[in-house]
Every structure is written in structure tokens, then in C-alpha cells.
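Quick note: the sequence shown uses my numbering, first residue 134, plus one each step. Even for Gly, the Cβ is constructed at its ideal location relative to N, Cα and C.
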Amino acid sequence: MNAPDRMRCEKRVIIARLLDSALQHQWHLLEETLQRGQPPTSENAEAIERVSKLMGLVPKPSSFRRRVDVIVLAILSLSILACTLIRLPSTSVDLDVLVSGVRIDLAGQHTELLIPGELGEMLMLSQVRIAQAEQILPPLVSNEAIVELRQLAVPADKKDGTGSTNTFPVRLQVIAIPANAPVTMTMATAYALNQRGLKLGALSTKPTKAQFGEVIEVEPRNLGASAPRRAIRPIVVSGRALSMDLFPVDPTQLMTVFRDVRVSAIRFENLGESSVHGGQVVVQSGPTPSITVQPSDRIDIRSTAPMLLREVTFDKTGLRVKLTAAEATVITMGGGNPRNLMPTMFDWLRFRWPTQLWGTISAIVAIWFAARQWWRPDQ
């Protein structure tokens, strides 16, 4: 406020005070007249009315100032409320959990995936159960719905006197997931007698192929030979809804199922129930840097863009899933009433500029009080 405006405001304040004193004087005269037992005259009423009208004509800067304070306070309150209620449309989230089952959807545009691992290493299995195979090469004699392959157990040489047994495991050479077709993969923990393995299922419009090598005994060429000969029989199975239970020879060995695969959806469930055993969730811009996942928590992560399944490994403890979603639109976690983990606008501001945010708020408050102290038209 410049000097002329300030002088005008001061004059208005002086006039208002003089009129208020005149009004109080008229009321005092009226009270004295009544105390003497005389009726009030018309002159008293007219004097009070004239002074009241003049007071109504004088501007009241204090009321304008109060209106400004109320408007500013309302704007700030609504802004803070909006920042704490409005959530971000998308954010980045990293997930590392231990589960007993997981289901993923592969988008239609993907190359052929090879399991196990990206290096094509063989996996030694003690037992394999195959279901819903549409084609088996070479055809097996049995027509059962479930095909079983087992490792060959041969008694050791009787000369050593130990009575031990030599085993020749089944070799998993490759599992080929079809390319350029939508595929739904299910992975869960499989159980057998004193064994834990990996249940792997693939549902697609194109057949999934798996190739195994089973060690078998063949008749010796020379009838005089004392021991039978052994050979590896290749077995290739395929099906559009192929399901396999794989039991590794060494259950403590870490088996990599997937690595660096783009998925369009992921669900952590087993037979309709939560399959989560525990883990950590890191939400970028979230109020807390890391969130601990409790057993049986339901986790729902959705994204408009494909998510990166960084790794799925299997060992005796279960399936370890590591996922990164750069543009997650839905992040919920919890029991019966899952909580929304999507950060709000206030969380985003606090994450991006933690020091600058509080410094800016403090500066705005200080500037506002300084401006009010400088502009005091009612004094």
C-alpha cells in the first residue's frame, strides 16, 4: 500500500472513531433524559438516527480484510485437502515376495520362451507328471490321462557290499512357450511322497512343447553280457493346456523359471486363495519407502503398460517372484479390506521435493503474516 492510500485509510479510521464517540454521547443524553423521568424528545431520536446513518456511510476496511483472510484460508484448505485425497494416475512399484502360487498373462506380442533359464541348461528331475498332453512322441504304451516319468534306480555293484543304489534322473531339456499368442502361465508348489516340486501350466491357443530325456535299460547286444545297456529315450509332449509337475533331484537347488519377461497381468493366488507368504513392496513416491507384506495378504497390481517380471525362482521354500511395474495404475494390498497403496499428490510432492516443500510452505506463511502486518488500514 502506497502513502496516499495509507493516509486515506487513517482518515477513515479517525472519522469512524469520531462518529462512534458522537453516537455514544447521544445515547448518554437519552439515558439521562429517561433517568429524570422525562420522555425522549424527537430531537434525541433524530440525532441518533443521523449519526447512525453517517457511520453506515464510512467504509469498514477491517471487514474487507477479514473477507480476504477467509478466502485465502479457504483456498489453502481446499488445496491441501485435494492434494491429500487425489491420487496419482500411475506410479512405479517394485515387488519381491515369496508365494506358493502365481498366475501370469503373457501379451500376444512376445518371442518364444525357453524354460528352464535363458542359457538352456538341463534340469535333473527325479519324477515328472504330465497332464492334458495332446501329443506324445514317441507314443507310449499306456493310455492313461497322466503320464509319469521317473528316474531309473539300479542297484550298485554287489562287490562293494554297501547295497547302495545308483539313480539316473530324467532330464528336462527345454519347455518352449509359443510365440505371438496370448499365454496364461500358472506356477505353484507341487507335492509328492516326501517331495516338493514345481507345478507348471500353460494355457494358450497354440501348443506348448516340452522335451525330456528318460534313461531306460535296453537288452544287451551280446547275450553273454552280464549287465544291460542303458540309453536315453527322448520324449516330446505338447498341448494347448499342458500341465506338468516337476520334482528336482536336489530340492535345495535354486531353479530359475523366468527372467526378464514382459507380462500384462499377474495374480498371486492358489485355488482362489491368497498364496503370499511374505515379502516387500516398494512404491515410488509413496509415504513409506518399503512396505512389509504379511502372510495371506491379497496383492493386486495392474498396469496399462506391460510389467517386467524380473525373476521367478523356485526352491524348497517356494516361489520367489520379483516384479517391476513402471506405470502401475492399481496397487492394493491387505486382507479382507485391502488398502490402496497408490500415492497421493501430497505424497508425490513430499517425495520429489521433501526439503523444498516445507521450505516453500514456511515462506508462504511468513510472507502472508508480513503482508498483513504491513497493511493495517484499521489502525
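- Query: Between the segment 446-457 and the segment 209-223, are three or more C-beta pairs nearer than 8 Å?
  - Reply: A contact between stretches requires three or more CB pairs, one per stretch, nearer than 8 Å, and the segment 446-457 fails this requirement with the segment 209-223.
- Message: Whole angstroms are fine: how far does the CA of Ile269 sit from the CA of Val414?
- Response: Val414 and Ile269: Cα-Cα distance of roughly 42 Å.
- Rounded separation between Ile204 and Met478 - CA only: Distance between the alpha carbons of Ile204 and Met478 is about 23 Å.
- Give the range of the beta strand (DSSP E) segment to which Arg329 is assigned. Residues 328-351.
- C-alpha distance - Ala374 paired with Val261, whole-angstrom precision: Their Cα atoms are separated by approximately 17 Å.
- Message: My assumption, with CB atoms under 8 Å, is that Asn377 sits in contact with Arg304. Please give the rounded CB distance.
- Response: The question names Asn, but residue 377 is Met in the sequence shown. About 14 Å separates the two Cβ atoms, so there is no contact after all.
- Which residue's Cα is closest to the Cα of Val226: Gln417, Leu214, Ile308? Checked all of Gln417, Leu214, Ile308; the closest Cα to Val226 is Gln417.
- Pick out whichever of Pro311, Thr317, Val348 has its Cα sitting closest to the Cα of Ser259. For Ser259, the nearest C-alpha among the options comes from Val348.
- Identify, in the order they occur along the chain, each residue of the same chain with its Cβ nearer than 8 Å to the Cβ of Arg341, setting aside the five sequence neighbours on each side. Note that residue 341 corresponds to Thr in the displayed sequence, not to Arg. Answer for Thr341: Ile308, Ala309, Ile310, Pro311, Val316, Ala335, Ser371, Gly372, Arg373, Leu375, listed in chain order.
- Measuring CB to CB, does Ser429 end up less than 8 Å from Ser407? Ser407 sits close to Ser429, with the two beta carbons spaced by under 8 Å.
- Message: Quick check on the DSSP output: the beta strand (DSSP E) that includes Leu482 runs from which residue to which?
- Response: Here Leu482 belongs to no beta strand (DSSP E); instead the alpha helix (DSSP H) covers 478-485.
- If we ignore side chains and look at the alpha-carbon of each, how far apart do Leu442 and Ser233 end up? Those two C-alpha atoms are separated by around 17 Å.
- Could you tell me whether any non-hydrogen atom of the ligand COA is closer than 7 Å to the CB of Ile213? This structure simply doesn't include the ligand COA, nor any ligand for that matter.
- Query: Can you list, in chain order, the residues of its chain whose CB lies under 7 Å from that of Val396, leaving out five sequence neighbours each side?
  - Reply: Correct list, in chain order: Ile237, Asp238, Leu239, Pro439, Met440, Leu442.
- Message: Spatial neighbours of Thr385 within its chain, please: C-beta separation below 8 Å, excluding the five flanking residues on both sides.
- Response: The residues Asp448, Lys449, in chain order, have a CB closer than 8 Å to that of Thr385 in the same chain once the five nearest residues on each side in sequence are set aside.
- Message: Taking the beta carbon of Phe502 as the centre, do at least 16 other beta carbons fall within 10 Å, making it buried, or is it exposed?
- Response: Residue burial annotation: Phe502 is exposed, with fewer than 16 other C-beta atoms found within 10 angstroms of its C-beta.
- Looking at the structure shown, is Phe401 part of a helix, part of a strand, or coil, going by DSSP? If DSSP states are grouped into helix, strand and coil, Phe401 belongs with coil.
- Message: Please list the terminal residues of the continuous beta strand (DSSP E) segment that includes Met257.
- Response: Where Met257 is concerned, the enclosing beta strand (DSSP E) starts and stops at 256-264.
- Message: Please classify Ile248 as buried or exposed, where buried requires at least 16 neighbouring CB atoms within 10 angstroms.
- Response: Classification for Ile248: buried.
- Rounded to a whole number of angstroms, what is the C-alpha to C-alpha distance between Gln328 and Leu379? Gln328 and Leu379: Cα-Cα distance of roughly 10 Å.
- Would you decide whether Ile497 is buried or exposed? Buried here means 16 or more other CB atoms lie within 10 Å of its CB. It is exposed - the Cβ of Ile497 has fewer than 16 other Cβ atoms within 10 Å.
- Exposed or buried, what is His158 when buried is set at 16 or more other beta-carbons lying within 10 Å of its beta-carbon? Exposed: under 16 other Cβ atoms inside 10 Å.
- Message: Can you give me the C-alpha to C-alpha distance between Thr425 and Asp229, rounded to a whole angstrom?
- Response: The alpha-carbon atoms of Thr425 and Asp229 are separated by roughly 10 Å.
- Please name the residue or residues paired with Pro581 in a DSSP beta bridge. Nothing can be reported for residue 581: it is not among the residues displayed for the chain, which extend from 134 to 512.
- Roughly how many angstroms lie between the CA atoms of Pro302 and Ala286, to the nearest whole one? Roughly 9 Å between the two C-alpha positions.
- Query: Where Gln171 and Glu164 are concerned, what is the direct C-alpha to C-alpha distance, given to the nearest angstrom?
  - Reply: Cα-Cα distance, rounded: 10 Å.
- Inspect the beta-carbon positions of Val463 and Ile434 and report whether they are closer than 8 Å. A contact, by the Cβ cut-off of 8 Å.
- Please confirm whether Asp480 and Pro420 have their CB atoms less than 8 Å apart. It is a contact, given that the beta carbons lie within the stated cut-off.
- Can you list, in chain order, the residues of its chain whose CB lies under 6 Å from that of Ile399, leaving out five sequence neighbours each side? Once the five neighbours on either side are set aside, the close Cβ partners of Ile399 are Ile237.
- Look at the alpha carbon of Ile368 and the alpha carbon of Leu231, and state the distance between them as a whole number of angstroms. When rounded, the distance between both Cα atoms is 33 Å.
- Message: Going by DSSP in three states, Ile237 sits in which element: helix, strand or coil?
- Response: In the structure shown, Ile237 sits in a strand (DSSP, three-state: E or B).
- Message: Looking only at its chain, what residues have a beta carbon closer than 7 Å to the beta carbon of Glu460, apart from the 5 residues adjacent to it on each side?
- Response: Answer for Glu460: Ser223, Ser436, Thr437, Ala438, listed in chain order.
- Drop a sphere of 10 angstroms on the beta-carbon of Ile175, count the other beta-carbons inside from all chains shown, and report buried for 16 or more, exposed for fewer. What sits at residue 175 in the sequence shown is Ser, not Ile. With fewer than 16 Cβ atoms within 10 Å of its Cβ, Ser175 is classed as exposed.
- Query: Asp393: which of Gly346, Pro422, Gln427, Leu456 sits nearest, CA to CA?
  - Reply: Residue Leu456 is the option with its Cα nearest to Asp393.
- Query: How would you write the range of the beta strand (DSSP E) that Val416 sits in, first residue to last?
  - Reply: Annotation for Val416: the continuous beta strand (DSSP E) segment containing it runs 409-416.
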